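Peer 1:
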Amino acid sequence: MKKVEKSELRKIEDYLWEIPKSFRHNMHVPAWILANEILLDDIMEDRSLNQLVNVACLPGIKKASLVMPDVHEGYGFPIGGVAATSHPNGAISPGGIGYDINCGVRLLVSELQIEDIKDQLENLVNELNEEIPTGLGKGGKIRLTQEEMNNVLVKGAEWAVEHGYGTQEDLEHIESNGKLADVSPEAVSAMAKNRGCDQLGTIGSGNHFVEVSYVTELFDDSIANTYGLKKGQITVMIHTGSRGLGHQVATDYIRLMMTAMTKYGIKMPDRELACVPFNSPEGQDYFKAMCAAANYAWCNRQLITWEARNAWATIFGRENSSLKLVYDVAHNIAKIETHSIDNELQKVIVHRKGATRAFGPGFDELPQNYTETGQPVIIPGSMGTFSYVLAGTSKSHELTFGSCCHGAGRNLSRTAAKKVVNAPILKKELQEIGILVEGSYRGIAEEAPIAYKDIELVVDTVTASGIAKKVAKLRPVVVIKG
Amino acid sequence: MNHFVKHTADVEIEVSGCTLQELFTKSLDAMCDILKEGGCKTITHFDCSIRVAISANDCTSLLIDFLSEVLSLSNIQKSLFCNVYFSELTENKLEAQLFGIWFDHFDREIKGVTYHEARVKKNDENNWETHIIFDI
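Going down the list, the protein sequences come from chains A and B. No gaps in the numbering here: position 239 of the first sequence is 234 in the numbering used here, and each next residue is one more. No gaps in the numbering here: position 24 of the second sequence is 601 in the numbering used here, and each next residue is one more.
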């Protein structure tokens, strides 16, 4: 397949590049890359842009296939990809959401300052590690019956709150209130339910983590105040998704769609982009199962929040144990949203694979206290670098279907990272600069800061392009790796 | 022989075999090694056995669907299926008996066995070969 060369890109703005529709005969729309030139040169190194061109071939795709500046090569869709297809007859593609349905991030804030906890960091690592199961095969504390599993799939984070694992206020600060409505538990296979029955409240492995940080810098005092962020304040970030249940839903439906798409006369350049019309029986079944898996993921992050709060109470006492939820965002999901396309409001199916929703002020579905600021957009860095809290803007609706980047983005393969990183030495070096990391040496090497892009460049790109604005910068002090 | 291929986010392998059975067996070996490095090397017995039957439109789908099925069973049974006996294996159908050992936990989580870049074909040396990308 013809590789995308830099000479074939058209610069639209300083931070926006286009691969014209004429690049390949089967593209329905152009492909857009949100990146500054330094990041663009990195992006050209792998096959991300060829994957982006393939996405532009989805039936019913609108305006452009897009990638955020943290993009890297995936399978089917590039990671950091966004595509909106027409509702109700455009394509839905499980590959545009990924195997880890509703992988996402939530940010909690404590009442404590960094000075309050400096002497307790080792105890905190041990307690968080004790409370929160990490790694593959580690079951959680809850084993769901079939009936309770169906309730989790329908109710999402609300199930956790009903069972004492959170508060109503938590629900108000989760994207979609932690529950998508278009669910059918029957659309989720027995094997998927079986895989998920003992995994609630678990992190998993790979790039998943729980991180304790503190606020080092505020860029917008007013928005920071609304989000409840203060300088020096301790925060907790949780990154995980729908675990084996979501992985199985994706596996089941990619397999189904590969056969079904021929029925609809659809041919895609990559099998992993298998898709069907959204309003077809197969498309509806997948969407209902995906919503169920997304609800499971929100319930999972709520359970982990409860575990983190328990650890907090053990170390700092009940009186200092408050961990308030700032926001919870999904970055692997498909949502039905309305966006302005060709000066007309249109309903579309927005696929976000490694991209965060970034709704600006006044848009639907934001918590009441964020309607004037836009939603928090949580951008984790790697384990040794800063993370950012951004705010969504109205420009994101004009440019990126209300989407933003989801992290720093990898630039080294796991194998390459393991070759160049000595994990015990890295762990010690991080400890010397006040960052305690707990996890397997393999995980630490694969997720080392050197394996990721420069988050400052990524965040500068999205803020300079206007799709988000900087609110706060966070520095890690404790990292529990999955 | 299996080779790990450079891939930014995930794990990509290149695998080949003189026969389809060898290709499928080596692909399974590679997946087990990703889940638990060296986990199959020191085994002295099997704890469990399970039968799988899979059909697909073509050989590539058959291989990916087979590995996906074993991955799901590995997660549910918390077992590493180190050995396989194929009672039937054609280009679009297989029946096999898997033999596994129980594990408390694996080294790595494989989220999915992807069809991306997978293409089972015969190479110039008349061996079967393919690439497989595992979503990690």
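Glycine included, each C-beta is placed from N, C-alpha and C at the ideal position. Remember, predicted model here, so these are calculated numbers, not experimental data.
Using only alpha-carbon positions, find the residue among A245(A), N274(A) and T246(A) that is nearest to Y259(A).
Peer 2: N274(A)
Peer 1: Compare the beta carbon distance of K647(B) and L675(B) with 8 Å and say whether it is the shorter of the two.
Peer 2: With the sequence shown as reference, residue 647(B) is identified as Val, and Lys is not the correct amino acid for it. Their beta carbons are under 8 Å apart, which means V647(B) touches L675(B) by this criterion.
Peer 1: Using the three-state DSSP reduction, which class does V474(A) fall into: helix, strand or coil?
Peer 2: strand
Peer 1: For the structure I just gave you, are there three or more beta carbon pairs, one from the region 208 to 219 of chain A and one from the region 460 to 468 of chain A, closer than 8 Å?
Peer 2: By the C-beta criterion, the region 208 to 219 of chain A is judged to be in contact with the region 460 to 468 of chain A, since at least 3 inter-stretch pairs fall below 8 Å.
Peer 1: With distances taken between CB atoms, is the gap from G196(A) to L298(A) smaller than 8 Å?
Peer 2: Cβ distance < 8 Å, so G196(A) and L298(A) count as in contact.
Peer 1: Along the chain, where does the alpha helix (DSSP H) containing D652(B) start, and where does it finish?
Peer 2: According to the sequence as given, residue 652(B) is Asn; it is not Asp. Run containing N652(B): C636 to Q654, per the alpha helix (DSSP H) assignment.
Peer 1: With a cut-off of 8 Å, does the C-beta of Y692(B) fall near any C-beta of chain A?
Peer 2: yes
Peer 1: Going along chain A in order, which residues have a C-beta closer than 8 Å to the C-beta of Y628(B)?
Peer 2: The amino acid occupying residue 628(B) in the given sequence is Arg; Tyr does not appear at that position. Chain A residues near R628(B): none, gap ~15 Å exceeds 8 Å.
Peer 1: For the region 245 to 258 of chain A, which residues have a CB atom closer than 8 Å to at least one CB atom of chain B, in sequence order?
Peer 2: A245, T246, I249, R250, M253 and T254
Peer 1: Below 8 Å on the Cβ atoms is my guess for T351(A) versus V324(A); work out the distance and round it to an integer in Å.
Peer 2: 5 Å
Peer 1: Would you please verify whether the beta carbon of K688(B) is less than 8 Å from any beta carbon of chain A?
Peer 2: yes
Peer 1: By the 7 Å beta-carbon criterion, what residues does the region 624 to 653 of chain B contribute toward chain A?
Peer 2: N634, S638, D642, S645, S649, N652 and I653
Peer 1: Tell me, please, which residues DSSP counts as bridged to I713(B).
Peer 2: DSSP, once it has assigned bridges, lists no residue as partnering I713(B).
Peer 1: By the 10 Å Cβ neighbour count, where 16 or more other Cβ atoms means buried, how is E686(B) classified, buried or exposed?
Peer 2: buried
Peer 1: Distance, Cα to Cα, M578(B) vs T596(B)?
Peer 2: Reliability of the predicted coordinates at M578(B) is poor, the pLDDT of 48 falling under 50, and no value is obtained from them.
Peer 1: Against chain B, does Y291(A) count as a neighbour if the rule is that its beta carbon must be under 8 Å from one of theirs?
Peer 2: no
Peer 1: Quick check on the burial criterion: 16 or more other C-beta atoms within 10 angstroms. Buried or exposed for E332(A)?
Peer 2: buried
Peer 1: Can you pull the chain A neighbours of D610(B), defined as C-beta to C-beta under 9 Å?
Peer 2: Per Cβ cutoff of 9 Å: no residues; D610(B) is ~13 Å from chain A at best.
Peer 1: If we ignore side chains and look at the alpha-carbon of each, how far apart do T667(B) and G615(B) end up?
Peer 2: 29 Å
Peer 1: Check whether the region 424 to 444 of chain A and the region 357 to 371 of chain A touch, using three or more Cβ-Cβ pairs below 8 Å as the test.
Peer 2: no
Peer 1: Under the three-state reduction of DSSP, which class applies to A78(A): helix, strand or coil?
Peer 2: If DSSP states are grouped into helix, strand and coil, A78(A) belongs with the strands.
Peer 1: With H, G and I counted as helix, E and B as strand and the rest as coil, what does DSSP make of G594(B)?
Peer 2: strand
Peer 1: In the DSSP output, which residue or residues are listed as bridge partners for P272(A)?
Peer 2: A86(A)
Peer 1: Would you check if the region 116 to 128 of chain A and the region 255 to 271 of chain A touch, i.e. whether three or more CB-CB distances between them fall below 8 Å?
Peer 2: no
Peer 1: What three-state label does DSSP hand T140(A) in the structure shown?
Peer 2: Three-state result, T140(A): coil.
Peer 1: Just to confirm, are A284(A) and V345(A) a CB contact at a threshold of 8 Å?
Peer 2: no
Peer 1: List, in order along the chain, the chain A residues whose C-beta lies closer than 8 Å to that of V661(B)?
Peer 2: Near V661(B) there are no residues of chain A at all, since even the closest Cβ is about 19 Å away, more than 8 Å.
Peer 1: Would you please verify whether the beta carbon of R409(A) is less than 8 Å from any beta carbon of chain B?
Peer 2: Nearest CB-CB separation between R409(A) and chain B: below the 8 Å threshold.
Peer 1: Distance, Cα to Cα, W705(B) vs S593(B)?
Peer 2: 5 Å
Peer 1: Using beta carbons (cut-off 8 Å, strictly below), is I713(B) in contact with chain A?
Peer 2: yes
Peer 1: Check the Cβ-Cβ distances between V70(A) and every residue of chain B, and say whether any is below 8 Å.
Peer 2: Per the sequence shown, residue 70(A) should be read as Tyr rather than Val. Interface residue, yes.
Peer 1: Where in the region 138 to 216 of chain A do unbroken runs of the alpha helix (DSSP H), each at least 4 residues long, occur, reported from the N-terminal end onward?
Peer 2: 141 to 150, 152 to 157, 163 to 167 and 185 to 191
Peer 1: Can you tell me which of the three DSSP states Y365(A) falls into?
Peer 2: helix
Peer 1: Can you tell me whether A633(B) is helix, strand or coil according to DSSP?
Peer 2: coil
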